[in-house]
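Residue numbers (the working numbering): 92 to 517.
Beta carbons: idealized from backbone N, C-alpha and C, even for Gly.
In this text, all values refer to a predicted model and were calculated from it rather than measured experimentally.
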Amino acid sequence: MTKAEKIRQTLLQTRERRKNQIPVVYQLKINLNSAEKETKDKLFKLFLEAKWLYNYIVADIENRLNEDADKLKEVEIKVGESFEKREITNLTLQMKQALVERIKQNLYDLHRQKQKGYKTGKLQFKHHVNSIPLKQFGNTFKFINQQKTRVKIQGIKKPLRVLGGHQILEGVEIAKAELIKKPSGIHLFVTCYIDRDKYTKIWEHRKNRKGVVKPRVWQTFDSVAGVDFKPIGLMLSSGLKFEWLIKETERLKTLQKELARQQKGSKRWYKTKEKIAREYERITNIKYDIINKVCSFLYRYRTVCFQEDHIKCWKEGYFSKSVHYSAVGIIKRRLSDSLRVPAVAIKSNIPTTKTCSRCGSRQEISLSDRIFKCSVCGLEIDRDLNSAINMLKSVGLDRSELTPVEWETSARIFGNNPYILVSHTT
Ligand SMILES: [Zn+2]
92 MTKAEKIRQT
102 LLQTRERRKN
112 QIPVVYQLKI
122 NLNSAEKETK
132 DKLFKLFLEA
142 KWLYNYIVAD
152 IENRLNEDAD
162 KLKEVEIKVG
172 ESFEKREITN
182 LTLQMKQALV
192 ERIKQNLYDL
202 HRQKQKGYKT
212 GKLQFKHHVN
222 SIPLKQFGNT
232 FKFINQQKTR
242 VKIQGIKKPL
252 RVLGGHQILE
262 GVEIAKAELI
272 KKPSGIHLFV
282 TCYIDRDKYT
292 KIWEHRKNRK
302 GVVKPRVWQT
312 FDSVAGVDFK
322 PIGLMLSSGL
332 KFEWLIKETE
342 RLKTLQKELA
352 RQQKGSKRWY
362 KTKEKIAREY
372 ERITNIKYDI
382 INKVCSFLYR
392 YRTVCFQEDH
402 IKCWKEGYFS
412 KSVHYSAVGI
422 IKRRLSDSLR
432 VPAVAIKSNI
442 PTTKTCSRCG
452 SRQEISLSDR
462 IFKCSVCGLE
472 IDRDLNSAIN
482 MLKSVGLDRS
492 ELTPVEWETS
502 ARIFGNNPYI
512 LVSHTT
């Protein structure tokens, strides 16, 4: 067998295996506190060289994107009005290959967009390249101890300390990773593949550990939940209500004012810019913390029902809509993709808000009305609660009252999070 045949064979085998696997991405943080200066510099240089390489190829894509593109050892960069030569010493061959592949992928995406009738230009230069692909586990990166606290990255002599390696379950197939530069530091996003059966089994196992008195038992609820999503929270059919407050922090406002006063391009100006970037990252982290916690809570139900997207018709006027919208979007997507809870998405044309949840008669209700009043049976109920109950009804399930277990669990999960408010409506 020739080398090319062998590679083809392995690719086919991998593709076959992936059919029964699901990808999981673990986010680890590289701990640079104890690293030597030389190692740190090398690591940051990777991102700079990746930028040089990207822009150098993009500048003359017809001539430079050829089969020798990944063997480039020297590039020209634009400094002011003239060009200067820079050596590429830290990126390894495999990293360069992956970066060149990425340019090809970007070109292909542009091409597809054009086919669909969108107006497309050329590939743009990048101000930053914030991710370095590490494609082959064992080659471009590997864990050098069993606890996965130390990682060796190709081209960097000393192994690096990482935080969070313990999340990677035993027996998963580690496939690839990416080095990600964020304002708070450098992270390693590791993509693993786990067998479908095994994954469900792990979660089944956790769900079934009833009665085991452990501080961190995975508490489940026997009931089903209808969920009514709002831009800033959600209402469950049991009457439990979550509202979150993700917004610009005071610190961010202060920093932005500071930046406006400073001279653009000065040392202080750059410092403030970095602080702002870090603050934005912090807000994103808060958002993901809320998303994770809400999902973790919803996974505990036997079934979750929610309505398909009708985000577009939400009233405008909320602060930074995009932040809230994306949070709800992510939660919905996670619920539909997750194997941990059977989620039922109800069609968006079912009028859950306008129907009485007791007698089923249709009522008009204006956007400002918080209470749904039924003129047929006389029911008076919170409008969101009414629609949450209707979600369950539309798939033939009955509502259950809030149980003490649900209440306690919600208190445990959200109790000391100042950005989320839990209340109960009857
Ligand atoms: Zn009614």
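Check	Outcome
Cys-468 Cβ short of 7 Å to ligand 1 heavy atom set	yes
Stretch pair the stretch 455–467 + the stretch 419–432: three plus CB contacts closer than 8 Å	no
Alpha carbon of Glu-455 to alpha carbon of Asn-477, nearest angstrom	13 Å
Span of the alpha helix (DSSP H) around Ala-368	358–389
Assumed close pair Tyr-145, Ile-194 - CB separation to whole angstroms, cut-off 8 Å	7 Å
Proximity below 8 Å, CB of Lys-233 to CB of Lys-243	yes
Buried or exposed by the 16-neighbour rule on C-beta atoms within 10 Å, applied to Lys-362	exposed
Ser-485 Cβ short of 7 Å to ligand 1 heavy atom set	no
Whole-number beta carbon distance between Cys-396 and Met-482, since they are thought to touch under 8 Å	4 Å
Sequence-distant residues of its chain with Cβ nearer than 6 Å to Ala-189 (five each side left out)	Pro-224, Lys-226
Element boundaries [beta strand (DSSP E), containing Glu-499]	Premise fails: Glu-499 lies in the alpha helix (DSSP H), 495–505, not in any beta strand (DSSP E).
Proximal residues to Ala-368 (C-beta, below 7 Å), its chain only, five neighbours per side dropped	Pro-274
Meets three-Cβ-pair contact criterion under 8 Å: the stretch 199–214 and the stretch 165–172	no
Own chain residues within Cβ distance below 7 Å of Val-220, not counting five before or after	Phe-138, Ala-141, Lys-142, Tyr-145
Neighbourhood of Ile-437 by C-beta, 8 Å cutoff - its chain only, sequence neighbours within 5 removed	Cys-396, Phe-397, Gln-398, Glu-399, Thr-443, Met-482, Ser-485, Val-486
Cβ shell of Leu-156 (< 6 Å), same chain only, five flanking positions each side left out	Ile-148
Check whether Leu-259 and Lys-272 have beta carbons under 8 Å apart	The sequence as given places Ile at residue 259; Leu does not occur at that position. No, they are not a contact pair.
Alpha carbon of Asp-475 to alpha carbon of Ser-457, nearest angstrom	13 Å
For His-257, the residue or residues it bridges with in DSSP	None, per the DSSP bridge assignment.
Range covered by the beta strand (DSSP E) that runs through Tyr-117	112–122
Contact test: Ser-452 Cβ vs ligand 1 heavy atom, cutoff 7 Å	yes
Backbone secondary structure at Tyr-510 - three-state DSSP	coil
Simplified DSSP state of Arg-449, which is helix, strand or coil	coil
Buried or exposed by the 16-neighbour rule on C-beta atoms within 10 Å, applied to Ser-411	Residue confidence is low: Ser-411 scores 48 on pLDDT, short of 50, so the model does not pin down where it sits. Its coordinate-derived value is still stated next. Looking at its Cβ environment, which holds fewer than 16 other Cβ atoms inside 10 Å, Ser-411 is exposed.
Cα-Cα separation, Lys-97 to Leu-103	10 Å
The stretch 344–355 / the stretch 382–391 touching (three or more Cβ pairs under 8 Å)	no
Cβ neighbours of Tyr-510 in the same chain (closer than 7 Å, five flanking residues each side left out)	Trp-335, Leu-336, Ile-337, Ile-377, Ile-381
DSSP beta-bridge partners of Trp-143	None; Trp-143 has no bridge partner.
Cβ neighbours of Leu-251 in the same chain (closer than 6 Å, five flanking residues each side left out)	Ile-121, Val-242
Buried/exposed call for Cys-404, threshold 16 Cβ in 10 Å	With a pLDDT of 49 at Cys-404, under the threshold of 50, the predicted position of this residue should be treated as unreliable, though the coordinate-derived value follows. Looking at its Cβ environment, which holds fewer than 16 other Cβ atoms inside 10 Å, Cys-404 is exposed.
DSSP state of Gly-302 mapped onto helix, strand, coil	Low local confidence applies: a pLDDT of 48 at Gly-302 is under 50, so the model's placement there is unreliable, and no value is given.
Under 8 Å between C-beta atoms of Phe-312 and Val-496	yes
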